[in-house]
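Step one of this worksheet: look at the structure below.
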Amino acid sequence: DAPRFAFSVPTINLEVPMKRYHWKVLPQGLKVSPVICQRYVSSLLSPVREAAGDSIILHYMDDILVCAPTDDMLTHTLDLTINALVAAGFELQEEKIQKMPPWKYLGLEIGKRTIVPQKLTIKHDIKTLADLHQLCGSLNWVRPWLGISTEDLVPLFNLLKGGDDLSSPRTLTQEARTALEKVQEIMSTRQAHRCQQGLPFKFIILGKLPHLHGMIFQWETVQARKGDQVKKDPLLIIEWVFLSHNRSKRMTMRQELMAELIRKARIRIRELAGCDFDCIYISLNLKSGHLSQAMLEQFYQENEALQLALDSYTGQISIHRPAHKIFNSDVQFSLSLTSIQSRTPLKALTVFTDASGASHKSVVTWKDPQTQQWEADIAKVEGSPQIAELAAVVRAFEKFPEPLNPLNVVTDSAYVAGVVSRAENAVLQEVSNIPLYELLSKLVRIISCREQPFYVMHVRSHTDLPGF
Numbered sequence: 013d014a015p016r017f018a019f020s021v022p023t024i025n026l027e028v029p030m031k032r033y034h035w036k037v038l039p040q041g042l043k044v045s046p047v048i049c050q051r052y053v054s055s056l057l058s059p060v061r062e063a064a065g066d067s068i069i070l071h072y073m074d075d076i077l078v079c080a081p082t083d084d085m086l087t088h089t090l091d092l093t094i095n096a097l098v099a100a101g102f103e104l105q106e107e108k109i110q111k112m113p114p115w116k117y118l119g120l121e122i123g124k125r126t127i128v129p130q131k132l133t134i135k136h137d138i139k140t141l142a143d144l145h146q147l148c149g150s151l152n153w154v155r156p157w158l159g160i161s162t163e164d165l166v167p168l169f170n171l172l173k174g175g176d177d178l179s180s181p182r183t184l185t186q187e188a189r190t191a192l193e194k195v196q197e198i199m200s201t202r203q204a205h206r207c208q209q210g211l212p213f214k215f216i217i218l219g220k221l222p223h224l225h226g227m228i229f230q231w232e233t234v235q236a237r238k239g240d241q242v243k244k245d246p247l248l249i250i251e252w253v254f255l256s257h258n259r260s261k262r263m264t265m266r267q268e269l270m271a272e273l274i275r276k277a278r279i280r281i282r283e284l285a286g287c288d289f290d291c292i293y294i295s296l297n298l299k300s301g302h303l304s305q306a307m308l309e310q311f312y313q314e315n316e317a318l319q320l321a322l323d324s325y326t327g328q329i330s331i332h333r334p335a336h337k338i339f340n341s342d343v344q345f346s347l348s349l350t351s352i353q354s355r356t357p358l359k360a361l362t363v364f365t366d367a368s369g370a371s372h373k374s375v376v377t378w379k380d381p382q383t384q385q386w387e388a389d390i391a392k393v394e395g396s397p398q399i400a401e402l403a404a405v406v407r408a409f410e411k412f413p414e415p416l417n418p419l420n421v422v423t424d425s426a427y428v429a430g431v432v433s434r435a436e437n438a439v440l441q442e443v444s445n446i447p448l449y450e451l452l453s454k455l456v457r458i459i460s461c462r463e464q465p466f467y468v469m470h471v472r473s474h475t476d477l478p479g480f
């Protein structure tokens with residue numbers, strides 16, 4: 013009987029090939045040469061790992077990296093590894109055994125303190141979509157170590173649009189060439205660091221909207237000595253974390269972007285080190301005073317996305333980032349603790365909005381507080397009923413601008429009510445429907461600039477149920 017795959021269990025930092033658990037069933041498995049090589053070498057190294065104690069043996073196919081806390085332990089582990097492979101019939105070329113830094117392993121050059129990708133040739137002669145895919149794929153691979161942000165690569169990502177035929181023609185724009193020049197400069201000046209055992213891992217959110225990114229790092233306390241000409245940098249950059257260029261939602265709230273970064277970073281640090289962060293640094297905008305535990309707790313309770321991202325997190329949350337030039341120059345994102353959207357109806361003017369898909373009429377109606385007469389604003393809006401409903405709400409906010417008064421908005425469109433509730437300081441994804449994009453942009457701008465509170469409510473007005 014051949015086993016059928018059931019599930020696999022990864023190891024910390026992928027040190028060992030994943031343990032694969034199988035169901036025993038009729039022969040339906042496929043065994044190919046790479047799989048056999050991987051499993052066979054892994055079986056040879058298993059007893060070596062047990063005998064090596066605190067040493068670490070990283071293994072992928074025919075590439076093996078041996079690490080140990082001391083030189084004596086490293087020599088002992090290396091001898092055990094070589095003897096096990098030679099005894100199994102493998103032939104090792106002496107010139108391929110790297111004993112001095114930098115060590116080259118899986119496309120990386122590992123020094124005593126730093127890690128950089130091996131020299132990557134950037135191809136400027138782009139002719140087809142396939143060439144562009146290869147270029148973007150290579151850059152995406154080196155990003156976690158060099159901190160090449162999504163914002164830096166936007167001109168290249170934009171060239172991927174326009175059809176999925178791999179042979180379709182593509183040429184680099186001037187913006188894309190400028191982006192590649194910046195990438196080349198980054199590749200020649202930046203590097204990541206090897207983690208220091210015993211130091212906790214930290215995470216900080218950096219960048220500016222809509223392209224936020226984060227950094228996994230360690231902070232090494234350095235005692236300055238007399239006579240030192242150059243002060244040692246305490247920042248150890250482990251990896252950078254980026255959001256996807258294309259978001260799943262047309263309108264994304266800032267706290268959702270922050271939560272997604274935290275979620276991705278926590279998953280990554282578990283893969284790398286099997287632990288969680290000691291501290292997560294976020295940037296919050298305080299109008300006055302200091303951040304109290306009560307304020308942070310309220311902010312946490314009002315953000316569902318943040319609750320999911322920080323589920324079971326026991327470390328610290330801080331807005332006081334360490335003093336470093338990278339953090340001072342790159343931190344441009346801040347999140348406000350307060351919102352102008354009220355969770356309860358306000359003692360203020362109430363406007364009702366509705367729209368018809370058949371007549372394309374978009375209606376705003378309200379009771380004038382001075383005359384106690386019902387007034388209406390009716391406009392004809394082409395497009396779907398959702399667009400007409402959205403246009404009515406936008407006109408309602410425009411018709412009763414600040415600083416006149418707060419505002420209650422009642423709509424019978426669940427879609428529009430959801431959009432309005434998410435619009436404050438939201439980030440828009442590019443929308444192919446131009447009228448819809450213009451309305452969404454106008455709504456985000458109006459609500460984000462408001463200072464007076466508003467309340468939005470959805471009612472099912474086209475039913476026989478009693479209610480508002």
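Residue numbers (my numbering): 13 to 480. Using N, Cα and C, we set each Cβ at its ideal position, and we do this for glycine too.
Notebook entry, point to check: If you drop the 5 nearest sequence neighbours on each side, which residues of the same chain put their C-beta closer than 7 Å to that of L132?
Noted result: S150, V154 and M199
Next item on the list: Look up K454 in the DSSP assignment and say whether it is helix, strand or coil.
Entry: K454: helix per DSSP, three-state reduction.
Next item on the list: Could you tell me which residues DSSP pairs with V21 in its beta bridges?
Entry: K31
Next item on the list: Evaluate the contact criterion for the stretch 458 to 467 versus the stretch 353 to 361: three or more CB pairs, one atom per stretch, below 8 Å.
Entry: With three or more CB-CB distances shorter than 8 Å, the stretch 458 to 467 counts as touching the stretch 353 to 361.
Notebook entry, point to check: Among the residues of its own chain, which have a CB less than 8 Å from the CB of M73, if the five just before and after it don't count?
Noted result: P46, C49, Q50 and V53
Note to self: Suppose the cutoff is 7 Å on Cβ atoms and the five residues either side in sequence are ignored; what does the same chain contact list for W386 look like?
What the structure shows: T377 and K379
Notebook entry, point to check: Which class does F169 belong to by DSSP, given the choice of helix, strand or coil?
Noted result: helix
Notebook entry, point to check: What did DSSP end up calling M265 once you bin it into helix, strand or coil?
Noted result: Look at M265 here: in three-state DSSP terms it is coil, with no helix or strand label.
Next item on the list: Kindly indicate which residue of V406, G430 and R189 has the alpha-carbon position closest to the one of N170.
Entry: R189
Notebook entry, point to check: Cα separation between V253 and M227?
Noted result: 6 Å
Notebook entry, point to check: My guess is that P167 and T183 are in contact by the Cβ rule of under 8 Å, so how many angstroms apart are they, rounded?
Noted result: That belief does not hold up - the Cβ atoms of P167 and T183 are roughly 12 Å apart, past 8 Å.
Checklist line | 8 Å CB neighbourhood of Y117 in its chain, flanking five on each side removed | finding: Closer than 8 Å at the Cβ level, and outside the excluded window around Y117, lie L70, D75 and L77.
Check: Does the stretch 395 to 413 come within contact of the stretch 446 to 458, defined as at least 3 CB pairs closer than 8 Å?
Finding: yes
Next item on the list: Can you grab the Cα-Cα spacing for the pair G174 / Q441, in whole Å?
Entry: So the alpha carbons of these two residues sit roughly 17 Å apart.
Note to self: Residues in the same chain with beta-carbon distance under 7 Å from V98, minus the five sequence neighbours each way, listed in chain order, please.
What the structure shows: When the five nearest sequence neighbours on each side are left out, the beta carbons in the same chain lying within less than 7 Å of the beta carbon of V98 are those of L104, in order along the chain.
Margin query: Checking 8 Å against the spacing of the C-beta atoms, do L26 and A64 come in under that value?
Written below: no
Note to self: Assuming S374 is part of the alpha helix (DSSP H), what are its boundary residues?
What the structure shows: That residue, S374, is in no alpha helix (DSSP H); its beta strand (DSSP E) goes K373 to K379.
Item checked: Beta-carbon proximity list for M265, same chain, < 7 Å, skipping 5 on both sides -> R434 and A438
Checklist line | Burial state of F102, where buried means 16 or more other Cβ atoms lie within 10 Å | finding: exposed
Checklist line | L224 and M270 closer than 8 Å at C-beta | finding: Note that the C-beta distance between L224 and M270 is below 8 Å.
Check: Which same chain residues, not among the five before or five after H136, have their C-beta less than 8 Å away from its C-beta?
Finding: L184, R189 and L192
Notebook entry, point to check: Between the beta-carbon of L247 and the beta-carbon of H332, is there less than 8 Å?
Noted result: no
Item checked: 7 Å CB neighbourhood of L273 in its chain, flanking five on each side removed -> The residues are I217, L224, G226, V253 and L255.
Check: What three-state label does DSSP hand T185 in the structure shown?
Finding: Coil.
Margin query: Is it buried or exposed, A277, if we count other Cβ atoms within 10 angstroms and call 16 or more buried?
Written below: buried
Notebook entry, point to check: Which partner residues does E62 have in the DSSP bridge list?
Noted result: E62 pairs with nothing; no bridge assigned.
Note to self: Check for me: the alpha helix (DSSP H) holding D177 runs from which residue to which?
What the structure shows: It is not in any alpha helix (DSSP H) - D177 carries neither H nor E in the DSSP assignment.
Note to self: Given this structure, state the Cα-to-Cα distance separating G327 from E309, to the nearest angstrom.
What the structure shows: 14 Å
Note to self: In this structure, how does DSSP classify G430 when only helix, strand and coil are distinguished?
What the structure shows: helix
Checklist line | Per DSSP, the bridge partner or partners of A367 | finding: S374
Check: Excluding sequence positions up to five away, which residues of its chain have a Cβ less than 7 Å from the Cβ of L325?
Finding: Residue identity differs from the one stated: residue 325 is Tyr in this sequence, not Leu. Around Y325: D288.
Next item on the list: To the nearest angstrom, report how far apart I279 and C291 are at their CA atoms.
Entry: 15 Å
Check: Any idea what DSSP makes of F213, helix, strand or coil?
Finding: coil
Item checked: Pairwise C-alpha distance: V234 and D245 -> 8 Å
Notebook entry, point to check: Which runs of the beta strand (DSSP E), 3 residues or longer, sit entirely within the stretch 72 to 118?
Noted result: 75 to 79 and 115 to 117
Next item on the list: Per DSSP, which residues does G226 bridge with? Please list them.
Entry: I217 and V253
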